[in-house]
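Chains as they are written, first to last, in the numbering used here: chain U, 2 to 185; chain A, -16 to 253. Just so you know, even glycine gets a beta-carbon here, dropped at the ideal spot from N, CA and C. Values in this document were obtained by computation on a predicted structure and should not be read as measured data. First up is the structure itself, then whatever we jot down about it.
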Amino acid sequence: MAEADPHRAKYEQWVRIYAPALYRYAYRLAGKRHIAEDLLQETFVEAWRSIERQTHAQGARGWLFQILRRRYSHFLRDTRSQRQTRSLDQRQDDHPPAALPLPLQRLADQDAMQAALALLNPSIRQTLLMVFVEGLTCRETAATLQIPIGTVLSRLDSARRSLRQALGEAAPSSPASKPKGARI
Amino acid sequence: MTGWNGESELAELAHLPVGHPARTELVTRIGRMDPIGQERWRRMLRETDLLYQQLGEVEIPIELEERLLQIPATRPRRQGGLERMLTRPMAWTALAACLLIAVGILAYLEWPRTVAPPPLATLDPVLAEKIAALAVQHCQGQASLEISSSDAGKVRAVLASEHLPVSVTVSPPRETLMLRGGGTCEFGPARAAYTSWQAAGLNFTLFQFNGASLCVPEKFLTTTAIPAALGAKGIHYHVVIWPGHGQEGDWAMVLENDAALSAFMARNCR
């Protein structure tokens, strides 16, 4: 009986509480709804299968985000591998290279913020989303990524500048970017 | 204005969402800055709020939650170590075997052990010789029976009236023996009852006494002693000693017989 299974009850609670934030994170990370949905599906499958081993220090929420990040890195690895294979195949078949979509076309497909995020370096995008979507503080982000706090702040500053440019806003000089010698 | 560390700290705080306690502290600190510094940090805070708002604006698919809730029904959960072990039939057998072994070890270590009695030995030869000597001395020195009767009940009644420290039995040691009579006598430090029996022309004397006074152990194997030193004219007595059947250590019996020379028996024990 589902009602009698404490793991099932816990799992359902996680879905109701954390799935929206996880989906937002996945979508902002991957940029495509179907990829985000797949990532979330994989995340919760793994969470369900390993529900007994959930001992993450940050609790279930942090654990689920950790799984999601891992699934995304697997997705990126697989995608790169497929792209390389496809590239080789195309060269062998002597087909002309497929025309890359123009930036304006991409903007038409996605919302402006998502288009701006797509321009970010993946590590910078991930750091930005950990703070603004996952809700971690800069220090928590640094601890999770195992990088210095200065690197986190530098990445965030870089992300802000890129987003300002991409979104067509006037780029204010970030107070944190002024000093020289910041660790990146 | 603060240095890099101060800037870094402010930048860190400037990424916090509205409502965070530390952000309230940041706003207070910004209020104490010069107008240019205030403007810079306030713009950053506005940008922070905008990022929280815009990055969070993602439409959640309606059926997503329902789809995720279906996962437990379609995907088997990876079981934990113990649970996985307990759901395997072989594991149950192994567990049962382990339990049995554990119970066996515990039983071996903790179970109150019944101490095996030491193997019975015959009576100490010195003690046996002493008892045999007392029996033979009595037989050699006895002129007549105190009670001459073949009636076991009568003999038993007389002996019981003596209140000896032993419950006297008057029943033939062998079925073929015929009772001649009995009496009481001093048997070393103990008082004894004796009964005399006859079979095929041979006399047998049965002494009954409390063995404790002679340090006779509670249990021992039937012991035969032949006190040669007391033999007269080559007559050797065979004294058979065995524990009584009353309470343990209560008494001991001595059967004296001389299967070789009935003449001596007739002369001395009659």
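Asked: If you check the beta carbons only, do Tyr73 of chain U and Leu120 of chain U fall under 7 Å apart?; Found: no
Asked: Residues of chain A with CB under 8 Å from Gly151 of chain U, in chain order?; Found: Ser(-9)
Asked: How big is the Cα-Cα spacing for Trp180 of chain A and Ala90 of chain A?; Found: 55 Å
Asked: Go through its chain and collect everything with a Cβ distance to Leu147 of chain A's Cβ below 6 Å, but skip five positions before and after it.; Found: Arg174, Ala176
Asked: Quick check on the DSSP output: the beta strand (DSSP E) that includes Phe170 of chain A runs from which residue to which?; Found: 161 to 170
Asked: For Val16 of chain U, does the count of other Cβ atoms within 10 angstroms reach 16, so buried, or fall short, so exposed?; Found: buried
Asked: Could you check the C-alpha separation between Gly259 of chain A and Thr57 of chain A for me, to the nearest Å?; Found: Coverage of chain A is limited to positions -16 through 253, which leaves residue 259 of chain A absent and any answer about it impossible.
Asked: Output yes or no for whether 7 Å exceeds the beta carbon distance between Leu117 of chain A and Phe170 of chain A.; Found: yes
Asked: Is the Cβ of Met114 of chain U closer than 7 Å to any Cβ of chain A?; Found: yes
Asked: Return helix, strand or coil for Gln147 of chain U, following the three-state DSSP convention.; Found: coil
Asked: Express the C-alpha separation of Arg9 of chain U and Ile54 of chain A in angstroms, rounding to a whole number.; Found: 10 Å
Asked: Mind pulling the chain U residues with CB within less than 8 Å of Val41 of chain A?; Found: Tyr24, Arg25, Tyr28, Arg29
Asked: Against chain A, with Cβ distances strictly below 7 Å, would Trp49 of chain U count as a contact?; Found: yes
Asked: Taking the runs of the beta strand (DSSP E) that are 3 residues or longer, which of them lie wholly in the segment 9 to 84 of chain U?; Found: none
Asked: Hey, is Ala99 of chain U's beta-carbon within less than 7 Å of any beta-carbon in chain A?; Found: Confidence is the limiting factor: at Ala99 of chain U the pLDDT is only 42, short of 50, which leaves the residue's position unreliable and the question unanswerable from this model.
Asked: In terms of alpha-carbon separation, which member of U:Gln166, U:Pro21, U:Arg50 lies closest to Ala37 of chain U?; Found: U:Pro21
Asked: With a floor of 4 residues, list each alpha helix (DSSP H) that falls wholly inside the segment -5 to 69 of chain A, ordered by position along the chain.; Found: 4 to 14, 18 to 38, 47 to 52, 54 to 57, 64 to 69
Asked: Within the continuous beta strand (DSSP E) that includes Gln266 of chain A, where are the two ends?; Found: Residue coverage of chain A in this structure runs from -16 to 253, which leaves residue 266 of chain A outside it and unanswerable.
Asked: Since Pro21 of chain U meets chain A, which of its residues come closer than 8 Å, beta carbon to beta carbon?; Found: Ile43
Asked: Take Ala115 of chain A and list the residues in its own chain whose beta-carbon comes closer than 6 Å to its own, dropping the five residues that flank it on each side.; Found: Ala208, Pro210, Val222
Asked: Ends of the alpha helix (DSSP H) at Val141 of chain A?; Found: 135 to 143
Asked: If we ignore side chains and look at the alpha-carbon of each, how far apart do Leu137 of chain U and Ala144 of chain U end up?; Found: 10 Å
Asked: Excluding five sequence neighbours on each side, which residues of the same chain lie with their C-beta closer than 7 Å to the C-beta of Thr44 of chain U?; Found: Leu23, Leu65, Ile68, Leu69, Arg72
Asked: What residues in its chain sit with their C-beta under 7 Å from that of Gly164 of chain A, if we drop five residues either side in the sequence?; Found: Leu128, Ile130, Ser131, Ser132, Val138, Ser179
Asked: Are the beta-carbon atoms belonging to Leu103 of chain A and Leu204 of chain A less than 7 Å from one another?; Found: yes
Asked: How about Val41 of chain A and Arg126 of chain U: do their beta carbons lie closer than 7 Å?; Found: no
Asked: Within 10 angstroms of its Cβ, does Gly166 of chain A collect 16 or more other Cβ (buried), or is it exposed?; Found: buried
Asked: Just the Cα atoms here: how many angstroms apart are Leu110 of chain A and Leu78 of chain A?; Found: 60 Å
Asked: Considering only residues of the same chain and omitting the five flanking positions on each side of Ala109 of chain U, which have a CB-CB separation below 7 Å?; Found: Residue placement at Ala109 of chain U is flagged as unreliable, the pLDDT there being 44, under the threshold of 50; a coordinate-derived value is accordingly withheld.
Asked: For Ala167 of chain U, which three-state DSSP category applies?; Found: helix
Asked: Please state whether the Cβ-Cβ distance between Leu83 of chain A and Thr206 of chain A is less than 7 Å.; Found: no
Asked: Could you pull the DSSP bridge partners for Thr1 of chain U from this structure?; Found: Any property of residue 1 of chain U remains undetermined from this structure, which presents chain U solely from 2 to 185.
Asked: Return helix, strand or coil for Pro226 of chain A, following the three-state DSSP convention.; Found: strand
Asked: Determine whether the Cβ of Leu51 of chain A lies closer than 7 Å to any Cβ atom of chain U.; Found: yes
Asked: What does the Cβ neighbour count give for Val119 of chain A, buried or exposed, with the cut at 16 atoms within 10 Å?; Found: buried
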